[in-house]
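Engineer: Let me begin by handing over the structure; questions about it come next.
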Amino acid sequence: MSELALLAEKADAADELAAIRSRFVLDDQDDVVYLDGNSLGVLPAGVPGRLEDVVRRQWGRLRIRSWEESGWWTAPERIGDRIAPLVGAGPGRIVVGDSTSVNIFKALVAAIRMAGDGRDELLVDASTFPTDGYIAESAARLTGRTLRPVTPAEVPEALGDRTAAVLLNHVDYRTGRLHDLPSLTASIHAHGALAVWDLCHSAGALPVGLDEHGVDLAVGCTYKYLNGGPGSPAFLYVRDALQDRFDSPLPGWNSHADPFGMSPAYAPAAGAPRGRVGTPDILSVLALEAALEAWDGVSITAVRAKSLALTDFFLKCVTAYTEPGRVESVTPEPHEERGSQVALRCADAGEVMKRLIERGVVGDFRRPDILRFGFTPLYVSFTEVERAARVLGEVLA
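This is how it looks when you write it as structure tokens:
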């Protein structure tokens with residue numbers, strides 16, 4: 001056994017999160033190393049049984065009664081409160097429902113409306129995931145604002161009296177770079193603008209501190225590190241002090257103060273329910289609720305510590321198992337600048353990833369030349385990390 005393999009065994013033996021692994025359905029029998037949880041998290045073991053109950057009993061027997069008796073109606077806020085501690089939010093600030101894209105649209109337009117007519121410029125992360133850019137362009141066009149793409153590093157200098165809102169990614173989806181949410185939010189506020197953060201690659205992977213750092217609005221998906229399942233609903237956070245001013249561009253009967261009054265005039269509900277629109281996707285919403293039970297008793301601080309240890313160890317193993325210069329890490333080395341993934345630049349990345357998957361190491365490929373590996377601390381072991389790097393070295397050779 002190699003020295004690195006022995007180090008991996010010792011790290012697994014000392015891992016305080018090792019027991020959490022049993023809460024997930026994994027490929028231990030098939031010898032698969034799954035490092036793509038930053039695209040789609042694995043299936044939590046409690047989800048199938050919960051969904052069977054939802055389908056057979058709640059829907060099959062109780063039917064319409066389940067909106068009240070099974071808690072369907074209050075699920076978006078209840079599950080929002082379950083996510084809240086994982087992103088540093090208090091109760092009543094998060095609602096679950098709709099897609100990430102729809103929630104970004106709600107957040108951006110609402111932010112522009114709250115900023116007022118005198119601010120006619122919207123800043124957006126120039127390196128953002130494409131959908132964020134598309135939505136920002138549409139929101140700017142719809143509200144008569146000018147859209148200005150800038151890198152997160154350029155934001156402090158780009159801010160001014162014209163800035164209405166800024167949309168930023170907490171973690172860059174391609175490189176894994178972690179941006180400085182506290183200082184950027186403070187800079188945005190110093191210029192009287194609102195901060196909107198995309199947490200898709202940080203929720204469930206590292207501490208966020210939404211309340212602590214005064215973030216105005218935030219959006220995140222739940223199918224990555226939160227393991228909610230393919231297409232699971234996103235979440236929307238609205239800072240407590242802004243909730244009575246939050247003016248959604250998508251008012252629906254679910255966000256009405258009296259939803260069953262069927263009034264032709266819209267009156268927004270109080271608190272987080274203002275972020276709702278129409279009837280929630282109950283099957284996906286309740287699958288997410290069951291998935292979040294895997295977090296019971298888990299500290300996000302412990303998750304972050306293991307995430308950094310896993311990515312450090314992977315980079316060490318890659319250096320040991322690959323020829324110098326064959327791959328280059330584009331993920332920042334400093335911990336304060338790193339999310340929970342490692343991106344390696346490789347000239348033939350597409351073919352390399354295909355061969356890795358054939359060998360049982362599942363990551364993903366981002367054009368034109370990025371091998372991307374996600375590390376979900378709840379179920380990824382150090383032994384798996386060592387094997388993934390060793391197989392990568394063999395494939396590259």
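Going by the working numbering, the first residue of the sequence shown is number 1, and it counts up by one from there.
The C-beta atom is built at its ideal place from N, Cα and C for all residues, glycine as well.
1) Distance check for Met-1 and Asp-198, CA to CA, integer angstroms please.
2) By a C-beta neighbour count over all protein chains shown, 10 Å radius and 16 as the cutoff for buried, is Leu-6 buried or exposed?
3) In angstroms with no decimal places, state the Cα-to-Cα distance between Ala-265 and His-256.
4) Excluding the 5 residues preceding and the 5 following Asp-211 in the sequence, name in chain order all residues of the same chain whose CB lies nearer than 7 Å to its CB.
5) Grouping DSSP H, G and I as helix and E and B as strand, with all else coil, what is Ala-195?
6) According to DSSP, Gly-220 sits in a beta bridge with which residue or residues?
7) Whose CA, out of Ala-153, Val-318, Arg-177 and Ala-270, lies closest to the CA of Ser-183?
8) Contact between the stretch 358-374 and the stretch 36-49: three or more CB pairs below 8 Å?
9) Give me, in chain order, the residues of the same chain whose beta-carbon lies closer than 7 Å to that of Gly-176; leave out the 5 immediate sequence neighbours on both sides.
10) Is Pro-251 helix, strand or coil when you go by DSSP?
11) Please classify Arg-21: does DSSP put it in a helix, a strand, or coil?
12) What does a CB cutoff of less than 7 Å around Asp-98 pick up in its chain, not counting 5 residues either side in sequence?
13) Would you grab the beta carbon distance between Thr-163 and His-191 for me? Rounded to a whole angstrom, and I think it's under 8 Å.
14) Report the option in Arg-63, Val-95 and Pro-85 whose CA atom is closest to the CA atom of Arg-78.
15) If you scan the stretch 286-358 from start to end, which runs of the beta strand (DSSP E) of 3 or more residues do you find wholly inside it?
16) Report the partner residues of Phe-246 according to the DSSP bridge assignment.
17) Do you know whose CA, among Cys-317, Ala-397 and Leu-159, lies nearest Arg-355's CA?
18) What are the complete alpha helix (DSSP H) segments, minimum 4 residues, inside the stretch 47-116?
19) Identify the residues that DSSP records as bridge partners of Ser-154: which are they?
20) Based on the DSSP secondary-structure assignment, which residues constitute the bridge partners of Gly-37?
21) Does Ile-64 pass the burial test, meaning 16 or more other C-beta atoms within 10 Å, or should it be called exposed?
22) Please report the residue range of the alpha helix (DSSP H) in which Glu-3 lies.
23) From the beta carbon of Leu-142, is the nearest beta carbon of chain D less than 8 Å away?
24) Give every residue of the same chain whose Cβ lies closer than 7 Å to the Cβ of Ser-70, excluding the five residues on either side of it in the sequence, and list them in chain order.
25) Taking DSSP as the reference, what is the three-state secondary structure of Ala-165?
26) Nearest by alpha-carbon distance to Ala-75: which of Leu-292, Glu-328 and Arg-113 is it?
27) Do Leu-206 and Ser-307 come within 8 Å of each other at the CB atom, strictly closer than that value?
28) Helix, strand or coil for Glu-16, going by three-state DSSP, please let me know.
Structural biologist: Checking against the coordinates, here is how it stands:
1) Straight-line Cα distance between these residues: approximately 43 Å.
2) exposed
3) 9 Å
4) Excluding its 5 nearest sequence neighbours in each direction, Asp-211 has C-beta neighbours in its own chain below 7 Å: Gly-88, Ala-89 and Gly-90, listed in chain order.
5) strand
6) Phe-235
7) Among Ala-153, Val-318, Arg-177 and Ala-270, the Cα nearest to that of Ser-183 is on Ala-153.
8) Touching, per the Cβ criterion.
9) Cβ within range, chain order: Thr-331, Arg-338, Gly-339, Gln-341, Val-342 and Ala-343.
10) coil
11) helix
12) Pro-233, Ala-234 and Val-277
13) 6 Å
14) Val-95
15) Within the stretch 286-358, the runs of beta strand (DSSP E) at least 3 residues long that lie entirely inside it are, in chain order, 341-345.
16) Paired residue(s): none; Phe-246 is not in a bridge.
17) Ala-397
18) Runs of the alpha helix (DSSP H) spanning 4 or more residues and lying entirely within the stretch 47-116 occur at 47-53, 66-69, 75-83 and 100-115, in chain order.
19) Sequence inspection shows Glu at residue 154; the Ser mentioned does not correspond to that position. For Glu-154, which the question treats as bridged, DSSP gives no partner whatsoever.
20) DSSP lists no partner for Gly-37.
21) Exposed is the call here.
22) 3-13
23) As a matter of chain content, chain D is missing from the structure shown, which is built from one protein chain.
24) Gln-58 and Leu-62
25) strand
26) Leu-292
27) yes
28) Judged by DSSP in its simplified three-state form, Glu-16 adopts coil rather than helix or strand.
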